[in-house]
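Trainee: After the structure tokens below, expect a handful of questions from me.
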Amino acid sequence: MSAGYLAAVIALKSIRKAYQTGSQSLTVLKGIDCTIEKGELVAIMGSSGSGKSTLLNVLGLLDDFDAGTYVLNGQNMDGLSEKAAARYRSEFLGFVFQSFNLISYKSALENVALPLYYQGVPRKERQASAMAFLSKVGLADWAEHLPNQLSGGQKQRVAIARALIANPSVILADEPTGALDSVTSDEVMALLKEINKEGITIVVVTHENEIANQCDRIIRLKDGRIEGSNG
Amino acid sequence: MVDRDTWLEIFHTVLSNPLRTGLTGLSIALGIFILVVMQGLGAGLETGVKQTFGDDAANLMQVETGNAQLAFRGRKPNRRIQLHNADEQAMQAQMDSVPAWSRLVYRWGSTVRNGNQQGSYGVRGVDPDQREIGQVNLTAGRFVNERDVDQRRKVAVIGGQVLTDLFPKGMTPEQAVGTLIQVRGIQFAVVGTFNQTGSRWENRSVYVPFSTAQKLFSNSDVVSRVAIGTGAASIDETRETTASLTGWLKDRLVVHPDDAEGVWVDNRNEQAEMYRQIFGGIRLFVWFVGMMTLLAGAMGVANIMAIVVRERTKEIGVRKALGATSGSIVAQIVQEAVFLMLISGCIGLLAGTWLLQGIAPFVDHDFFSDPRVDFRSALLALGVLIIVGVISAIGPAVRAVSIRPVEALRDE
């Protein structure tokens, strides 16, 4: 365990998180302990209200936590400033969302290049890099298309290219197939698995057993606690 | 702070959202446009009113006569009252010292001729002090002087319009001085020219010496009017002088003290005071309408900015997830807003200016002329709108970046 803790790309220890709603305090995460090894493909499952989106927020450095420790890539993420969180996000993490969340008025190429804009990479360089990643997901011919000219599967592949472009250690995918039909879902999962084989850790939040079963391991959340973890 | 890449990002965002850009831009442009046009029309109104009423100096009184309406000391009602040379001299003698004094004989519709060109103008027989009293702005030569009056010289000082009408094109005022013209069929030498920017009537006048005009054109010893400069006297002092002078004149010319029309002293100081109040009122009105327009514009801008930012909640979530800091997102939204408002504000400013300049040549009414844009207040208004826009954008933007992206990006 201790060796795994050190080799882990993500290590959570007693993570607690409560939301203040008016005068009431709602504890959403009640002590999460979990490690994810480098190169793993992990599914997080749980019903709505189980705390899985809060956990994803915490993992994605999009929200602070109240207590516990979170070590990402060997670095402690406790008490980060806004700015530092944004920097670690762009260095270590890539996001894939259920509804793709491409910026509607930007072309596929520009959407893919956006993370590099926030890293301060020069325009030409980031365009070239974006083109390479679009080719990787098989959409080089669609570079100049706007999101609404693409199919659902194509949009998600653009989103995956965007998640990959900053060379992240971990890709966090929130219901990546939630808006896709089963054939396209399989294609997207196949792409994620392929990326995973290249050594990038992937965490998939899903409520579909079919998707979860394709992962190395499933972490089940219930009422803010990890109910079980199986491979 | 804003490098080329940021600019490209801003351009791109602004240009890729025509509806959003159009709505925000329109509200700003329209606000500035209305403000500029209102200001211009207000300025036009003031200029027009000034040109019609405000030609002479404000510090003067004029003695005028008309028909006495009331029977008095055995005289019948409705009789003509006239001021003769003897009355005028007695009046001057009984007054304390006065800064300026000019007798006037008017002959409207006098034919003035130069060679083959002729027209109908107002001829005014005056004393040298008229130059000061009427604030005559000489462009060449000299005004009527004492010697002209003493020797009843046939000399004339012509207005700018007379010069333009009767003399060959391109002739300068200097060249006109020394030429001979016919006034009511009698030859006069032009000794000077003048141009009054303030009034459209003055420039259609010809000044000649009082004594010459009285002898040649009225053939009597009647004085049409006496203009008295009041110098630096206060308005209360001039009111006092007006009252005592009126009393004296009524007694001498045998007019009933209650008769308003036999003889009167027109105190221009009083009128000037009235115009000052009218212009003050116009300015207040324009300012009020301008402020209300600005307020309406600012409310529209605030509203649109709030909607625009709310509409972008998802995009803000995406940008955050991709590594943007909250600060950089708020900064980008504010920069976009300022950029957009500056451009549309300038469009509104140009459109308003263009409209005013377009209509200016066609509207030359007695009470409206030369509408002008007050750039300073237009820029001030633009500044106010931008500040309001930025403040109204910051609130929703800060709220939008504080929403946790995973929530913002989930569709539930």
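Respectively, the protein sequence lines represent chains A and B. The first sequence lines up with residues 1 to 231 when you count with this note's numbering. The second sequence lines up with residues 1001 to 1412 when you count with this note's numbering. For every residue, glycine included, the Cβ atom is placed at its ideal position computed from N, Cα and C.
#1: Under 9 angstroms Cβ-Cβ, which residues of chain B neighbour Arg157 (chain A)?
#2: Compute the Euclidean distance between the alpha carbons of Gly1125 (chain B) and Gly1281 (chain B), then round it to the nearest angstrom.
#3: Among A:Val205, A:Glu175, A:Ile165 and A:Ala7, which residue has its Cα nearest to the Cα of Ile195 (chain A)?
#4: Going straight from the alpha carbon of Gln20 (chain A) to that of Val28 (chain A), what length do you get?
#5: Any idea what DSSP makes of Ala1093 (chain B), helix, strand or coil?
#6: Just the chain E side, please: which residues come within less than 7 angstroms of Gln119 (chain A) by C-beta, in chain order?
#7: Starting from Arg123 (chain A), find everything on chain B with Cβ-Cβ shorter than 9 angstroms and list it in chain order.
#8: For Ser104 (chain A) and Gln127 (chain A), what's the separation of their Cα atoms in angstroms?
#9: Going straight from the alpha carbon of Val1334 (chain B) to that of Gln1135 (chain B), what length do you get?
#10: At a CB-CB cut-off below 8 angstroms, which residues of chain B make contact with Lys83 (chain A)?
#11: What residues from chain A crowd round Ser1016 (chain B), counting only those whose CB sits closer than 8 angstroms?
#12: Between Gly60 (chain A) and chain B, is the shortest Cβ-Cβ distance under 8 angstroms, so that the two count as touching?
#13: Spell out whether any CB of chain B is found under 8 angstroms from the CB atom of Arg232 (chain A).
#14: Tell me the start and end of each unbroken beta strand (DSSP E) in the segment 64-101 of chain A that is at least 3 residues and wholly inside, in chain order.
#15: Please list, in chain order, all residues of the same chain as Ser1205 (chain B) whose beta carbon is under 7 angstroms from its beta carbon, the five residues on each side excluded.
#16: Could you tell me the alpha carbon to alpha carbon distance between Phe95 (chain A) and Thr1353 (chain B), rounded to whole angstroms?
#17: Consult DSSP for Tyr5 (chain A) and reduce its assignment to one of helix, strand or coil.
#18: May I ask you to list the residues that DSSP assigns as paired with Lys13 (chain A)?
#19: Thinking just about the alpha-carbon of each residue, which of B:Val1144, B:Val1149, B:Ile1235 and B:Gln1187 is nearest to the one in Thr1193 (chain B)?
#20: Does any residue of chain A have a CB that is nearer than 8 angstroms to the CB of Lys1050 (chain B)?
#21: Bridge partners of Asn1067 (chain B), per DSSP?
#22: Are three or more beta carbon pairs between the segment 104-118 of chain A and the segment 206-222 of chain A nearer than 8 angstroms?
#23: For my contact list, Val158 (chain A) and Val112 (chain A) are in at a C-beta cut-off of 8 angstroms; report their separation, rounded to the angstrom.
#24: Which one of B:Gln1187, B:Lys1154, B:Asn1116 and B:Val1177 has the shortest CA to CA distance from Leu1138 (chain B)?
#25: Pro115 (chain A) CB to nearest chain B CB: under 8 angstroms?
#26: Rounding to the nearest angstrom, what Cα-Cα distance links Glu1315 (chain B) and Cys1346 (chain B) in this structure?
#27: Select from the segment 1380-1401 of chain B all residues with a C-beta closer than 7 angstroms to any C-beta belonging to chain A, and list them in chain order.
#28: Among B:Gly1185, B:Asn1114, B:Pro1099 and B:Val1401, whose alpha-carbon lies nearest the alpha-carbon of Phe1167 (chain B)?
#29: Candidates A:Asp64, A:Lys124 and A:Ile36: which alpha carbon is nearest Leu72 (chain A)'s?
#30: Can you tell me whether Glu1273 (chain B) is buried or exposed, with buried defined as 16 or more other CB within 10 angstroms of its CB?
#31: Please report the distance separating the alpha-carbon of Ile1417 (chain B) from that of Ile1359 (chain B).
#32: If you reduce the DSSP assignment to three classes, tell me which class Thr177 (chain A) lands in.
#33: Just the chain B side, please: which residues come within less than 7 angstroms of Asp63 (chain A) by C-beta, in chain order?
#34: Tell me where the alpha helix (DSSP H) around Phe1362 (chain B) begins and ends.
#35: Return the chain-ordered list of same chain residues with a C-beta closer than 7 angstroms to the C-beta of Gly46 (chain A), the five sequence neighbours on each side being excluded.
#36: With a floor of 4 residues, list each alpha helix (DSSP H) that falls wholly inside the segment 112-198 of chain A, ordered by position along the chain.
Mentor: Checking against the coordinates, here is how it stands:
#1: Neighbours of Arg157 (chain A) on chain B: none; closest Cβ ~16 angstroms, over 9 angstroms.
#2: 37 angstroms
#3: A:Ile165
#4: 10 angstroms
#5: helix
#6: Of the protein chains in this structure, namely A and B, none is chain E.
#7: Arg1004, Asp1005 and Leu1008
#8: 18 angstroms
#9: 55 angstroms
#10: Thr1325 and Gly1327
#11: Tyr105 and Lys106
#12: yes
#13: The question about residue 232 (chain A) has no answer here: the residues shown for chain A are numbered 1 through 231.
#14: 67-72 and 93-96
#15: Tyr1121, Gly1122, Arg1124 and Gly1159
#16: 51 angstroms
#17: With a pLDDT of 46 at Tyr5 (chain A), under the threshold of 50, the modelled position of this residue cannot be trusted; read the value that follows with caution. Tyr5 (chain A): helix per DSSP, three-state reduction.
#18: A:Thr69
#19: B:Val1144
#20: no
#21: B:Arg1080
#22: no
#23: 6 angstroms
#24: B:Val1177
#25: yes
#26: 29 angstroms
#27: none
#28: B:Asn1114
#29: A:Ile36
#30: exposed
#31: Residue 1417 (chain B) cannot be examined here, being either before or after the span of chain B that is shown, 1001 to 1412.
#32: coil
#33: Arg1404
#34: Neither: Phe1362 (chain B) is in no alpha helix (DSSP H) and is coded neither H nor E.
#35: Lys52, Arg220, Leu221 and Lys222
#36: 123-136, 152-164 and 182-197
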